[in-house]
Amino acid sequence: MKNSKPNLETKHKILVTGASGYIGGRLVRQLLLGNSLIRVMVRDEQKISERPWIDQVEVSIANAKDYGTTEAALEGIHTAFYLLHSMTMGSDFENFEAINARNFAKAAGYAGVKQIVYLGGIANDKRISKHMRSRVNTGRILNEGSVPVLEIRAGIIIGSGSASFEMLRHLINQLPFMTTPKWVRNRTQPIAISDVLFYLSQAGAMNKPVDGIFDIGGPDILSYSKMIQTFAKLAGLRRRWIIKLPFPSPGLSSLLIGLFTPLPSALARSLVGSLISEVVANPEKSLNGIIDPPPDGLLDLRTAIELALSKLSLHDLESRPSESNARLAPWSKAPSDPIWAGQ
């Protein structure tokens, strides 16, 4: 899909949903570096009370399943980031996500929003998990509204606090021997959290609406097995022995994650399901036709893992130059990250 690259504008008002989450909280910080005017939409203000940016943003208390509060949160907004997921809501999460997306799309249209930016997941195969099916369906529902939707699809995001990355971290740290289903042979194209935030922040600065689905991915395409070994080496661990089963076994994978990681069981099941398909960006859907890549290039997997494994803190970042701050801030542990992140 070819579009002319829209002009960038940094002074219109932006809404960030899911600001208490992994992506949303880091995106707010990134957008503020560009002098954007930010409103965050959260269900519970207490969850963002310790964020370093709390005094620099408007806060709107709203729940996407409630149309009235959602419409109020969207009033006066030019660009709205849709970063809501319900993977921990149990077996009915698909219904929750559909209701939320439908309310948001309708309210955005009524409020006069010019652009919705939705971060989804790469889904190239016909055989996809419930988790990925719901993310695709969320994008479809948002697109049924009157507001143009820029859907940016990513694979595994490498960063301390990312659910997929933390799942791998805990499994690799705990298990020198792994009995894995055949999905371990599947190819994946992980992307660094800093690069995801770069693309999102650039999308938030556009003043000309864009409508379409685009993929983003890092420079490395490799099997999950190779990624596991790369992680182990960079973490200073011995080579992990991987025994590959000749059949898919989501149940076994979920059991291992439940036994050896502190991730919530509902989240673990959703993540395991997303591993059954290859997750590689489609060159024909490249976002580079809309937004140029980062000036210094995309981070390779090794560098991204090294940064994710580092023990950066917000205190460390305060003593660094602003350019370094912008590059390293996404890698630091945030106060609202889950307790199982960065362990």
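Numbering-wise (the numbering used here), the sequence shown opens with residue 2 and increments by one.
The beta-carbon is built from N, C-alpha and C at its ideal position, and this holds for glycine as well.
Could you pull out every residue in the same chain whose Cβ sits closer than 8 Å to the Cβ of Tyr200, ignoring the five residues on either side in sequence? Taken in chain order, the residues that qualify are Ile153, Ile217, Leu288 and Ile292.
Out of Arg239, Ile62 and Asp221, which has the shortest C-alpha to C-alpha gap to Asp301? With distances taken between Cα atoms, Asp301 lies closest to Asp221.
At least three beta-carbon pairs within less than 8 Å, the region 80-87 to the region 13-20: Yes, the region 80-87 touches the region 13-20.
Just to confirm, is the Cβ distance from Ile15 to Thr80 under 9 Å? The answer is yes: Cβ separation under 9 Å.
If you measure between the beta carbons of Met168 and Pro191, is that distance less than 9 Å? Judged by beta-carbon spacing, Pro191 lies beyond the 9 Å limit of Met168, meaning their Cβ atoms are not closer than that value.
Helix, strand or coil for Gly205, going by three-state DSSP, please let me know. Helix, per DSSP.
Comparing C-alpha positions only, which one of Lys107, Leu198 and Leu238 sits nearest to Glu76? For Glu76, the closest alpha carbon among the candidates Lys107, Leu198 and Leu238 is that of Lys107.
DSSP bridge partner residues for Glu51 (one or two, in chain order): BP columns for Glu51 are empty, so no partner.
Candidates Ala206, Ala309, Val211 and Asp196: closest to Asp297 by CA position: Just measuring C-alpha positions, the residue of Ala206, Ala309, Val211 and Asp196 sitting nearest Asp297 is Asp196.
Ala102 to Ile173 span [Cα, whole Å]: If you take the alpha carbons of Ala102 and Ile173, they lie about 35 Å apart.
Taking Gly121 and Arg136 to be in contact with their CB atoms under 8 Å, please state how far apart those CB atoms are, rounded to whole angstroms. The C-beta distance from Gly121 to Arg136 rounds to 5 Å, short enough to fall under 8 Å.
For Glu98, count neighbouring Cβ atoms within 10 angstroms of its own Cβ and tell me buried if that reaches 16, exposed if not. It is buried - the Cβ of Glu98 has at least 16 other Cβ atoms within 10 Å.
Beta-bridge pairing of Arg40 - partner residues as DSSP gives them: Arg40 pairs with Leu16 and Glu59.
Terminal residues of the alpha helix (DSSP H) in which Gln31 lies: Counting along the chain, the alpha helix (DSSP H) containing Gln31 begins and ends at Tyr23 to Leu34.
For the beta strand (DSSP E) containing Ala81, list its first residue and its last residue. Start and end: Thr80 to Tyr83.
Comparing the CB of Arg154 with every heavy atom of the ligand FMN, is any distance shorter than 8 Å? Inclusion of the ligand FMN in the displayed structure is not the case, the ligand content being empty and no account of it being possible.
Please state whether DSSP places Arg239 in a helix, a strand or coil. Annotated three-state conformation of Arg239 is coil, per DSSP.
Quick one: grab the DSSP three-state call for His316. Confidence at His316 is low in this model, with a pLDDT of 45, below 50, so its placement is unreliable and the value that follows should be read with caution. Helix at His316.
With H, G and I counted as helix, E and B as strand and the rest as coil, what does DSSP make of Asp196? Residue state, collapsed to three classes: helix.
Pull up the distance between the alpha-carbon of Gly219 and that of Ala193, whole angstroms please. Gly219 and Ala193 have their C-alpha atoms some 7 Å from each other.
Report buried or exposed for Gln175, applying the criterion of at least 16 other Cβ atoms within 10 angstroms of its Cβ. It is exposed - the Cβ of Gln175 has fewer than 16 other Cβ atoms within 10 Å.
Would you report the Cα separation of Trp184 and Glu72, rounded to the nearest angstrom? Trp184 and Glu72 have their C-alpha atoms some 42 Å from each other.
By DSSP, does Val118 sit in helix, in strand, or in coil? In the structure shown, the three-state DSSP call for Val118 is strand.
Between the CA atoms of Leu32 and Trp54 - distance to the nearest angstrom: If you draw a straight line from the Cα of Trp54 to the Cα of Leu32, it comes to about 11 Å.
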